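Protein sequence lines correspond, in order, to chains A and B. The working numbering numbers the first residue of the first sequence as 276 and each following residue consecutively. The working numbering numbers the first residue of the second sequence as 276 and each following residue consecutively.
2 protein chains.
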Amino acid sequence: MLRLKPNMIKYSKQTRLLLAVDCIIFGFDGDTLKILLIKRGFQPEKDKWSLMGGFVQPAESLDQASNRILKQLTGLEGVYLEQLHTFGNPLRDPIERTISVTYFALIDINKYEQQLSSDYHPEWFPLKRVPKLIFDQQDMVELAKKRIRYKAALHPILFELLPAKFTLPQLQSLYESVYNTTIDKRNFRQRVLATGLLIKLDDKDKSASKRGAYYYQLNMQHYYANFQAFLNFIPNPGNLL
Amino acid sequence: MLRLKPNMIKYSKQTRLLLAVDCIIFGFDGDTLKILLIKRGFQPEKDKWSLMGGFVQPAESLDQASNRILKQLTGLEGVYLEQLHTFGNPLRDPIERTISVTYFALIDINKYEQQLSSDYHPEWFPLKRVPKLIFDQQDMVELAKKRIRYKAALHPILFELLPAKFTLPQLQSLYESVYNTTIDKRNFRQRVLATGLLIKLDDKDKSASKRGAYYYQLNMQHYYANFQAFLNFIPNPGNLL
DNA sequence: TATTGTTAGTGTATCCTAAACACTTTAAAA
DNA sequence: TTTTAAAGTGTTTAGGATACACTAACAATA
Numbered sequence: 276m277l278r279l280k281p282n283m284i285k286y287s288k289q290t291r292l293l294l295a296v297d298c299i300i301f302g303f304d305g306d307t308l309k310i311l312l313i314k315r316g317f318q319p320e321k322d323k324w325s326l327m328g329g330f331v332q333p334a335e336s337l338d339q340a341s342n343r344i345l346k347q348l349t350g351l352e353g354v355y356l357e358q359l360h361t362f363g364n365p366l367r368d369p370i371e372r373t374i375s376v377t378y379f380a381l382i383d384i385n386k387y388e389q390q391l392s393s394d395y396h397p398e399w400f401p402l403k404r405v406p407k408l409i410f411d412q413q414d415m416v417e418l419a420k421k422r423i424r425y426k427a428a429l430h431p432i433l434f435e436l437l438p439a440k441f442t443l444p445q446l447q448s449l450y451e452s453v454y455n456t457t458i459d460k461r462n463f464r465q466r467v468l469a470t471g472l473l474i475k476l477d478d479k480d481k482s483a484s485k486r487g488a489y490y491y492q493l494n495m496q497h498y499y500a501n502f503q504a505f506l507n508f509i510p511n512p513g514n515l516l
Numbered sequence: 276m277l278r279l280k281p282n283m284i285k286y287s288k289q290t291r292l293l294l295a296v297d298c299i300i301f302g303f304d305g306d307t308l309k310i311l312l313i314k315r316g317f318q319p320e321k322d323k324w325s326l327m328g329g330f331v332q333p334a335e336s337l338d339q340a341s342n343r344i345l346k347q348l349t350g351l352e353g354v355y356l357e358q359l360h361t362f363g364n365p366l367r368d369p370i371e372r373t374i375s376v377t378y379f380a381l382i383d384i385n386k387y388e389q390q391l392s393s394d395y396h397p398e399w400f401p402l403k404r405v406p407k408l409i410f411d412q413q414d415m416v417e418l419a420k421k422r423i424r425y426k427a428a429l430h431p432i433l434f435e436l437l438p439a440k441f442t443l444p445q446l447q448s449l450y451e452s453v454y455n456t457t458i459d460k461r462n463f464r465q466r467v468l469a470t471g472l473l474i475k476l477d478d479k480d481k482s483a484s485k486r487g488a489y490y491y492q493l494n495m496q497h498y499y500a501n502f503q504a505f506l507n508f509i510p511n512p513g514n515l516l
């Protein structure tokens with residue numbers, strides 16, 4: 276295959292722009308869906324609440340950049356991270372035009388809490404009480420909320436917010452808080468167990484009740500095989516691939 | 276509100292990158308779903324089949340850029356255009372790192388055919404016979420195919436591919452070709468008409484049969500109101516907003 | 001040790017939507 | 001008039017979603 280030296284040709288007349296990645300990081304504390312914000316460390320808007328972000332470096336892909344940024348703040352690797360949308364309004368950053376590729380992350384909030392990332396003064400905010408954010412980051416958060424609801428209605432992504440072992444009451448509470456609704460316990464258990472995605476364990480979580488609730492874990496085989504098909508809203512999901 | 280002069284502060288140490296928009300343009304000729312490709316007009320890969328694209332200009336947003344590019348090629352404005360994904364692999368363009376924000380467009384192929392855009396030597400290719408494309412554009416097309424199938428299973432976007440007046444056999448043929456399947460005529464009509472989205476007109480299209488098929492048009496009120504809810508795959512779609 | 005309080009866990013009847021299924025109508029062309 | 005090709009139309013059946021209420025476990029307390 277033909278290889279060209281980097282400087283043989285250039286798109287010399289075109290403008291070059293700054294490119295950043297911003298992460299909307301979701302966590303679930305057992306009760307409320309939250310996002311993780313930091314105090315911005317540099318001008319402009321220094322010390323204002325902001326998403327965790329950073330500039331894309333010359334040798335890294337966008338996925339790599341988002342993983343690096345997420346790790347910087349949370350210490351976590353290999354978590355669920357998905358590209359959301361790219362924001363490119365010319366005036367969105369008052370200093371200099373900057374394109375922002377946004378990603379949303381779903382993390383196990385317990386794993387995070389063991390980490391230290393004090394430089395950024397991070398704080399979890401319930402989705403209903405997100406403070407004013409810089410630039411157009413409000414829009415980014417809104418879009419991420421929509422996307423997570425949309426996607427979770429069709430695919431089993433919410434498990435990414437729970438520990439490896441979780442109980443059905445925990446899972447139900449998660450769904451209820453994502454969709455801001457209540458679900459009948461019996462129907463919920465029936466549907467979720469019918470997917471074959473869960474493996475019942477022998478031990479119980481006794482932290483939330485005297486009786487204790489059985490732990491479950493994901494059947495990872497089924498999880499990957501049925502990720503597209505989860506709640507069967509789409510007929511013949513194979514056709515969509 | 277505070278206004279800063281452009282040069283007061285700059286993110287001076289960061290690398291700036293080229294930013295392009297590429298459009299995956301879908302059309303339906305009554306039989307097959309197709310995409311519109313051009314012969315690339317400059318180096319590298321001059322004269323190879325390529326998506327229609329262009330660099331983002333300093334004063335335009337990403338949406339504006341995609342609309343400009345789409346109009347350049349097709350002459351069309353106000354068509355369905357949706358941001359798809361941003362591709363930013365460092366080596367995707369061998370000359371110089373270029374970020375590509377992709378959009379997919381759904382156009383009425385008949386409106387297009389009246390336009391002239393000979394500079395680009397554009398050609399329609401059935402989705403199953405797309406030629407080799409430059410860079411990572413093959414991936415872009417694959418992703419766009421997935422997205423259109425995914426989205427059309429939940430929202431009435433496929434109407435954007437048809438003329439304002441269309442027949443039910445045409446619509447069914449469109450769905451069948453998007454999902455590469457066959458659908459029972461009676462069930463299809465029942466479901467589609469039950470949405471209340473279609474208004475039956477008095478005249479018929481006699482081009483495809485002796486008997487002729489009644490024309491329908493969209494009820495635009497319902498169309499916008501029910502865009503999120505179309506086929507009711509998602510319960511309480513209001514919750515998703 | 002009996003009672004109370006709180007959460008976990010379970011089954012069935014009903015309804016509604018999706019799927020399967022075949023014949024009649026229309027109108028031009030032969 | 002007969003033939004041909006596509007348009008148009010209803011009903012039955014099956015399966016999944018929804019509604020719904022009581023029992024079990026266990027610790028704390030009286």
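Virtual Cβ for every residue (Gly too), placed ideally from N, Cα, C. No experiment lies behind these values; they were computed from the predicted model shown.
Integer Cβ distance of D297 (chain B) from L326 (chain B), believed to fall under 8 angstroms: In the second sequence, counting from the first residue as 1, residue 297 (chain B) sits at position 22. In the second sequence, counting from the first residue as 1, residue 326 (chain B) sits at position 51. About 4 angstroms; that satisfies the 8 angstroms criterion.
Helix, strand or coil at T442 (chain A) [DSSP, three-state]: Within the first sequence, residue 442 (chain A) is the residue found at index 167, counting from 1. The three-state secondary structure of T442 (chain A), taken from DSSP, is strand.
Nonlocal neighbours in the same chain, by C-beta distance under 7 angstroms from N385 (chain B), ignoring five residues either side: Position 110 of the second sequence, counted from the start, is the residue given in the question as residue 385 (chain B). Around N385 (chain B), the same chain offers P438 as residues with beta carbons nearer than 7 angstroms, after the five sequence neighbours per side are excluded.
is_contact[E335 (chain A), chain B] using C-beta, thresh 8 angstroms: Locating residue 335 (chain A) in the first sequence gives position 60, counting from the first residue. Yes, E335 (chain A) counts as interfacial toward chain B.
M415 (chain A) vs T377 (chain A) beta-carbon contact at 8 angstroms: By one-based count along the first sequence, residue 415 (chain A) stands at place 140. By one-based count along the first sequence, residue 377 (chain A) stands at place 102. Yes. Within cutoff.
Alpha carbon of Y454 (chain B) to alpha carbon of E320 (chain A), nearest angstrom: If you number the second sequence from 1, residue 454 (chain B) lands on position 179. If you number the first sequence from 1, residue 320 (chain A) lands on position 45. Their Cα atoms are separated by approximately 48 angstroms.
Own chain, CB closer than 8 angstroms to F379 (chain B), minus 5 neighbours either side, in chain order: In the second sequence, residue 379 (chain B) corresponds to position 104, counting from 1. Take F379 (chain B), set aside five residues on each side of it, and the residues of its chain with a beta-carbon closer than 8 angstroms to its own are C298, I299, I300, F301, L356, E357, L359, A419, R422, I423, in chain order.
Own chain, CB closer than 6 angstroms to N494 (chain A), minus 5 neighbours either side, in chain order: Along the first sequence, read from residue 1 onward, the residue named residue 494 (chain A) stands at position 219. Answer for N494 (chain A): L472, I474, listed in chain order.
Per-residue contacts from N364 (chain B) into chain A (C-beta, under 7 angstroms): Here the question's residue 364 (chain B) lines up with position 89 in the second sequence. Correct list: S336.
Nearest residue (CA-CA) to F404 (chain B), options B:K288, B:F362, B:L308: Taking the first residue of the second sequence as 1, we reach residue 404 (chain B) at position 129. Note that residue 404 (chain B) is Arg in the sequence shown here, rather than Phe. If we check each option's Cα against that of R404 (chain B), B:L308 comes out closest.
Inter-residue spacing [alpha-carbon to alpha-carbon] between E435 (chain B) and A469 (chain B): Against the second sequence, residue 435 (chain B) aligns to sequence position 160. Against the second sequence, residue 469 (chain B) aligns to sequence position 194. Answer to the nearest angstrom: the Cα atoms are 19 angstroms apart.
Rounded straight-line distance, which links the Cα of D306 (chain A) to that of D383 (chain A): As a first step, residue 383 (chain A) is located in the first sequence; it is residue number 108 there, counting from the start. As a first step, residue 306 (chain A) is located in the first sequence; it is residue number 31 there, counting from the start. So the two alpha carbons sit approximately 13 angstroms from each other.
Proximity winner among A:P431, A:D394, A:G316, A:P444, relative to Y498 (chain A) (alpha-carbon distances): Reading the first sequence from its first residue, position 223 is the one you call residue 498 (chain A). Answer by Cα proximity: A:P431.
Cβ of T349 (chain B) within 8 angstroms of any chain A Cβ: Counted from its first residue, the second sequence places residue 349 (chain B) at position 74. Interface residue (Cβ-Cβ distance to chain A less than 8 angstroms): T349 (chain B) is not classified as such.
Chain-ordered chain A contacts of F330 (chain B) [CB-CB under 8 angstroms]: The sequence position of residue 330 (chain B) within the second sequence is 55, counting from 1. Here the neighbours are Y286, Q289, T290.
Residues of its chain near F502 (chain A), where Cβ-Cβ distance is below 7 angstroms and the 5 sequence neighbours each way are ignored: Looking up residue 502 (chain A) in the first sequence gives position 227. Closer than 7 angstroms at the Cβ level, and outside the excluded window around F502 (chain A), lie H430, P431.
Collapsed DSSP secondary structure at P512 (chain A) in the structure displayed: For the purposes of this step, residue 512 (chain A) is taken as residue 237 along the first sequence, with counting starting at 1. Low per-residue confidence applies at P512 (chain A): pLDDT is 34, beneath 50, and the placement is therefore not dependable enough to give any value.
Which listed residue (A:F362, A:I310, A:A428) has its alpha carbon closest to that of Y387 (chain A): Start at 1 with the first residue of the first sequence, and residue 387 (chain A) comes out as number 112. Answer by Cα proximity: A:I310.
Cross-strand partners of Q492 (chain A) (DSSP beta bridge): As a first step, residue 492 (chain A) is located in the first sequence; it is residue number 217 there, counting from the start. Bridge partners of Q492 (chain A): A:I474.
Where Q358 (chain B) sits in the DSSP three-state scheme: Position 83 of the second sequence, counted from the start, is the residue given in the question as residue 358 (chain B). Q358 (chain B) falls in the strand class under three-state DSSP.
Partners in chain B for V376 (chain A), counting only beta-carbon separations shorter than 9 angstroms: Position 101 of the first sequence, counted from the first residue, corresponds to residue 376 (chain A). Per Cβ cutoff of 9 angstroms: T361, G363, I374, V376.
Length of the line joining the Cα atoms of Y395 (chain B) and K314 (chain B): As a working mapping, residue 395 (chain B) is identified with position 120 in the second sequence. As a working mapping, residue 314 (chain B) is identified with position 39 in the second sequence. A direct Cα-Cα distance of roughly 6 angstroms separates Y395 (chain B) from K314 (chain B).
Which of helix, strand or coil DSSP assigns to L437 (chain A): Counted from its first residue, the first sequence places residue 437 (chain A) at position 162. The answer is coil: DSSP assigns L437 (chain A) none of H, G, I, E or B.
is_contact[L308 (chain A), chain B] using C-beta, thresh 8 angstroms: By one-based count along the first sequence, residue 308 (chain A) stands at place 33. Look at L308 (chain A): its C-beta is not under 8 angstroms from any C-beta on chain B.
CB contact check: I370 (chain A) to chain B, cutoff 8 angstroms: Locating residue 370 (chain A) in the first sequence gives position 95, counting from the first residue. Judged by the 8 angstroms Cβ criterion, I370 (chain A) is in contact with chain B.
Integer Cβ distance of G363 (chain A) from S336 (chain B), believed to fall under 8 angstroms: As a working mapping, residue 363 (chain A) is identified with position 88 in the first sequence. As a working mapping, residue 336 (chain B) is identified with position 61 in the second sequence. For G363 (chain A) against S336 (chain B), the beta-carbon gap comes to about 6 angstroms, under 8 angstroms, which counts as contact.
Residue-level contact to chain B via CB, Q523 (chain A), 8 angstroms cutoff: Absent from the model: residue 523 (chain A). The displayed extent of chain A is 276 to 516, so no value can be given.
Same chain, Cβ closer than 7 angstroms to K280 (chain B), neighbours up to 5 away in sequence not counted: Walking along the second sequence from the start, residue 280 (chain B) turns up at place 5. Low per-residue confidence applies at K280 (chain B): pLDDT is 47, beneath 50, and the placement is therefore not dependable enough to give any value.
Residue environment, A427 (chain B), which counts as buried when at least 16 other CB atoms sit within 10 Å: Here residue 427 (chain B) refers to the residue found at position 152 of the second sequence. The residue in question, A427 (chain B), is buried, as its Cβ has 16 or more Cβ neighbours within 10 Å.
Classification of G316 (chain A) by the beta-carbon crowding that lies within 10 angstroms, buried from 16 upward: Indexing the first sequence from 1 puts residue 316 (chain A) at position 41. Residue environment for G316 (chain A): exposed (fewer than 16 other C-beta atoms within 10 angstroms of its C-beta).
Which of helix, strand or coil DSSP assigns to I384 (chain B): The residue given as residue 384 (chain B) occupies position 109 in the second sequence. In this structure, DSSP gives I384 (chain B) a helical state, which the three-state scheme calls helix.
Cβ-based burial, T457 (chain A) [other Cβ within 10 Å; buried from 16]: Walking along the first sequence from the start, residue 457 (chain A) turns up at place 182. The residue is exposed, with fewer than 16 neighbouring Cβ atoms inside 10 Å.
F379 (chain B) - DSSP class collapsed to helix/strand/coil: Your numbering for residue 379 (chain B) matches position 104 in the second sequence. F379 (chain B) falls in the strand class under three-state DSSP.
Within-8 angstroms CB hit, L294 (chain A) to chain B: As a position in the first sequence, residue 294 (chain A) is number 19, starting the count at 1. Closer than 8 angstroms to some Cβ of chain B, the Cβ of L294 (chain A) qualifies, so yes.
Of the residues A:A500, A:R486, A:L476, the one placed nearest Q492 (chain A), counting alpha carbons only: In the first sequence, residue 492 (chain A) corresponds to position 217, counting from 1. Nearest to Q492 (chain A) by alpha-carbon distance, out of A:A500, A:R486, A:L476, is A:L476.
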